[in-house]
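The structure appears below as C-alpha cells.
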Amino acid sequence: MPENAPQRRIGVLLVNLGTPDSPQTSDVRRYLNEFLTDGRVVDMPAAVRYPLFQGLVVPLRAPKSAKIYQQLWTERGSPLLFHGLDLQKLVQERLGSHYVVAFGMRYQNPSIEKALEELREAAVDRIIVLPLFPQYASASTGSVQQKVMDIVRKWWVVPSISFISSFADNPGFIDTIVALGKEEMAKRDYDHIVFSYHGIPERHVLKGSFKGYCQLGKCCNTYNKNNRYCYRAQCFATSRLVAAGLGLSPDQYTVSFQSRLQSRLRDPWLQPYTDEVLKPLPAKGIKNVLAFSPAFVADCLETTIEVGEEFKELFEEAGGEHWQLVPSLNTHPLWVEAVTDMIRQN
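Under numbering that gives the first Met the number 0, think of the first position of the sequence shown as 0, with each following residue one higher.
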C-alpha cells in the first residue's frame with residue numbers, strides 16, 4: 000500500500016430476526032405487523048396478506064404473545080437483543096480496528112438500515128453480511144439479504160457486499176453446540192436427544208428445490224450440491240454432525256420441527272412436529288430427554304419458552320421425568336471464535 004494511503008476497513012453486519020421494543024401489547028403488535036407481512040415469511044399476495052394479518056391474525060395474536068414476551072423479558076430486556084449486542088462487541092474486539100462491526104434486526108430495532116448507515120459513515124471499503132441463521136431459509140436469511148439490497152440500492156456509492164448465506168455445517172458452529180451438549184450430558188444420563196428446528200411451510204422448501212430434487216424425504220440423508228440451500232437438508236446435516244460429535248447413533252436422536260402455523264393457514268409445515276414427537280416417548284421408556292434448538296444462536300421466545308418450558312410441560316404430562324433444553328450459543332467463546340473465523344474467511 001502506498002505511503003499515506005487511507006486505511007481500508009471492512010464492514011461487518013450481523014443480523015438477527017427481531018424483537019419487540021418492549022413486552023407491551025402495542026410494541027408486540029408493531030413487531031408482528033412487520034414480521035408477518037413480510038412477503039418472504041408469508042408468501043401470499045399482498046392484497047391478501049396485509050388484510051388477513053394486519054386485520055385479523057396480528058390483533059388476535061399480539062395480546063397472547065405479549066404475555067409470553069413478559070415471561071421472557073429480563074432486566075437487560077430481550078435476550079435476543081442483548082446477546083446480539085454482546086456478540087457484536089466481542090467480535091469487534093477479536094477482529095480489531097481494520098473492521099467495523101454493526102448489529103441490526105430484520106424487524107424493529109436496531110434496524111438494518113441504521114446498522115448499514117453506521118458502516119457507510121465509517122467509510123468501509125466493503126461489507127460482509129452475516130445473517131445469524133445457521134440454516135438458509137428464504138423467510139429468514141433470504142429476507143435479510145433482500146432488505147440489505149433494497150437499502151443499499153438507494154446509495155449513490157455502493158461498496159462491495161458479500162453475504163454468508165448459511166453455516167449449517169461450519170466446524171466452529173458445530174463444535175460450540177457439541178461443547179454445550181457435553182456440559183449438559185455430564186450432569187446426568189439421557190435416554191434420547193431431540194433436535195428441534197423452527198418449522199417452515201413445505202412449499203417454501205419445494206419452491207427452492209434445485210430442478211425438482213427435493214422430495215421431503217430421503218433426499219435429506221446426504222448434504223450435497225443439489226440440496227445445499229434446502230432448509231430441511233441443512234437441518235438434518237447439522238443434526239448428523241452434532242450427533243457425531245456427541246458420539247450418538249442414529250437411533251439415539253430425533254430431528255423435528257416446531258412453531259408451525261398450520262392450524263391457521265391450513266398448509267403442511269415441515270414434519271415431524273416436535274410437540275407430536277415428544278408425547279409418545281415416555282410410553283416407550285424414554286423418560287429423560289435432552290433437547291437442542293440448533294436453528295437459533297441466541298436465547299429467544301422459541302427456545303426459552305417454547306422448547307424450554309412448553310415442551311417440557313407436554314413431556315411431563317405424557318409421563319416424562321426430565322426434559323432439559325441445551326442453552327443457545329449466545330456469547331460462548333467457541334461461538335465468538337467461530338463468527339470471527341467466518342468473517343475472516345470471507
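Just so it is clear, CB atoms sit at the ideal spot from N, CA and C, and this is done for glycine as well.
Being a predicted model, the structure only gives us computed values, none of them experimental.
What residues in its chain sit with their C-beta under 6 Å from that of R93, if we drop five residues either side in the sequence? Short of 6 Å from the beta carbon of R93, and not among the five residues preceding or following it, lie these beta carbons of its own chain, in chain order: T339.
With DSSP collapsed to three states, give me the class of F162. strand
Mapping the DSSP letters down to three states, classify S64 as helix, strand or coil. helix
Where the alpha helix (DSSP H) through A122 begins and ends: No alpha helix (DSSP H) contains A122, which DSSP labels as neither H nor E.
First and last residue of the uninterrupted alpha helix (DSSP H) at H203: Here the alpha helix (DSSP H) through H203 covers E201 to K206.
Classification of A61 by the beta-carbon crowding that lies within 10 angstroms, buried from 16 upward: Answer is buried; the Cβ neighbour count reaches 16.
For the candidate residues Q270, E182, L333 and F162, whose alpha-carbon lies nearest to that of Q214? Q270
Under the three-state reduction of DSSP, which class applies to G307: helix, strand or coil? helix
Does DSSP put I285 in a helix, in a strand, or in coil? coil
So N226 packs on C219, CB below 8 Å; how close in whole Å? 7 Å
Label R75 either buried or exposed according to how many other C-beta atoms from any shown protein chain fall within 10 Å of its C-beta, with 16 as the threshold for buried. exposed
Does DSSP put A46 in a helix, in a strand, or in coil? helix
L179 burial status per 10 Å Cβ neighbour count (16 or more: buried): Under this definition L179 is a buried residue.
Nearest residue (CA-CA) to H203, options S25, V11 and V41: Put simply, of S25, V11 and V41 the residue whose alpha carbon is nearest the alpha carbon of H203 is V41.
So, under 8 Å CB-CB, S142 and R39 are touching, yes? Tell me the CB distance rounded to an integer number of Å. Contact annotation, S142 with R39: C-beta distance approximately 4 Å; criterion of less than 8 Å satisfied.
Going by the CB atoms, is the gap between A290 and N329 shorter than 8 Å? no
S262: buried (16+ other C-beta within 10 angstroms of its C-beta) or exposed? With a pLDDT of only 46 at S262, under the threshold of 50, the placement of this residue in the model should not be trusted; the figure read from the coordinates follows. The residue is exposed, with fewer than 16 neighbouring Cβ atoms inside 10 Å.
Based on DSSP bridge pairs, tell me the residues matched to T18. Q107
Determine the direct distance from the alpha carbon of W154 to that of L245, and round the result to whole angstroms. Cα to Cα, L245 sits roughly 47 Å from W154.
Quick one, which of I304, G10 and G319 has its alpha-carbon nearest F162's? G10
Grab the span of the beta strand (DSSP E) containing Q257 for me, first residue to last. Following the DSSP letters along the chain, one finds Q257 inside the beta strand (DSSP E) bounded by residues Y252 to Q257.
Top-ranked residue by Cα proximity to F314, from Q323, L277, A282 and W334: L277
Exposure of K210, with buried meaning 16 or more beta-carbon neighbours within 10 Å: exposed
At what residues does the alpha helix (DSSP H) containing F52 begin and finish? Run containing F52: none; DSSP gives neither H nor E here.
Tell me the rounded alpha-carbon separation between E182 and F81. 23 Å
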